[in-house]
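Just below is one structure, and these are the notes that go with it.
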Ligand code: PTJ
């Protein structure tokens with residue numbers, strides 16, 4: 058979605074231009090029936106953490122992005138799950154990742170709506186995606202109560218590694234319990250998803266996804282043993298600890314300011 062399409066005019070020199078443009082994409086996403094109203098609240102929560110993290114990709118996030126790219130590349134059936142927020146924030150990057158990994162995008166929503174699923178499907182296709190799956194009522198993830206339990210028989214149902222950015226905790230737990238590996242992006246390192254996932258990228262999806270696409274592209278020509286070594290040396294517990302320390306340091310510094 059371009060700035061013209063999103064009906065906003067934000068001065069080039071506005072100090073919060075990127076943040077305001079990102080918001081505008083989401084509000085326009087709501088107008089177009091792609092993003093849920095709840096998606097705006099979820100974004101506001103993310104923004105608060107991003108502000109504290111300095112709105113930049115920290116080292117712990119860069120390491121998680123590298124490991125995530127390696128995990129995608131060693132996966133047999135990776136699948137990229139898309140919701141109403143990620144669809145409007147990074148549609149081209151989702152399409153690019155899907156191409157590099159030869160892995161489908163699958164629409165999977167927390168707030169049930171067939172109409173929104175179809176709009177997201179069409180929106181992704183119009184941004185260059187070639188494989189976009191929709192949930193099927195006959196394929197269900199056991200132990201999940203929410204609408205997210207309905208999945209596609211050729212997609213999430215058969216996946217071994219699944220990408221679930223900006224997620225609620227229940228599905229992440231259910232996917233891990235089912236033996237799958239989960240990669241997430243979540244600005245809140247304390248969330249249930251962040252703490253349950255195999256790899257947690259604590260960064261804003263608008264910065265992290267272009268980097269992930271780059272790393273996946275760069276690592277695609279590496280040997281299996283190089284990718285395995287990258288994964289062996291990655292520790293998601295450290296990522297979460299470092300992210301939490303970074304947040305606490307900012308809050309502490311603010312509290313002790315004169
Ligand atoms: O389109 P739907 O119906 O599937 O709904 C999607 C949302 C995002 C509304 C739904 O999954 C939801 O309610 O998510 P939660 O439980 O609010 O969790 C979203 C997480 O993503 C929170 O921990 C936020 O801090 C985080 N988050 C929000 N925006 C960003 C983000 N993380 C990275 N980048 C962001 N831009």
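In the numbering used here, the protein residues as written are 58 to 315. Note that CB positions come from ideal geometry on N, CA and C, so glycine has one too. Quick caveat: nothing in here was measured; it's all calculated off a predicted structure.
Closest option to residue 161, judged by alpha-carbon separation, among 220, 105, 118, 302: 220.
In this structure, 145 is the residue among 145, 71, 129 with its C-alpha nearest to the C-alpha of residue 262. When the alpha-carbon of residue 168 is set against those of 140, 283, 150, the nearest one is in 140. Per DSSP, the unbroken alpha helix (DSSP H) holding residue 87 starts and ends at 74-88. Around the CB of residue 237, 16 or more other CB atoms lie within 10 Å, so the residue is classed as buried. With contact defined as three or more Cβ pairs closer than 8 angstroms, the stretch 209-228 and the stretch 239-251 are in contact.
Between the beta-carbon of residue 176 and that of residue 90 there is about 5 angstroms, and that keeps the pair under the 8 angstroms contact cut.
Excluding five sequence positions before and after residue 214, the CB atoms of its chain that fall closer than 7 angstroms to its own CB belong to 196, 208, given in chain order. Around residue 273, the same chain offers 126, 129, 130, 154, 157, 158 as residues with beta carbons nearer than 7 angstroms, after the five sequence neighbours per side are excluded.
Here residue 184 is near residue 148, since their CB atoms are less than 7 angstroms apart. In the DSSP assignment, residue 238 is bridged to 218. Rounded to the nearest angstrom, the gap between the Cα atoms of residue 136 and residue 280 is 21 angstroms. Pairing residue 187 with residue 313, the inter-Cα distance amounts to about 52 angstroms.
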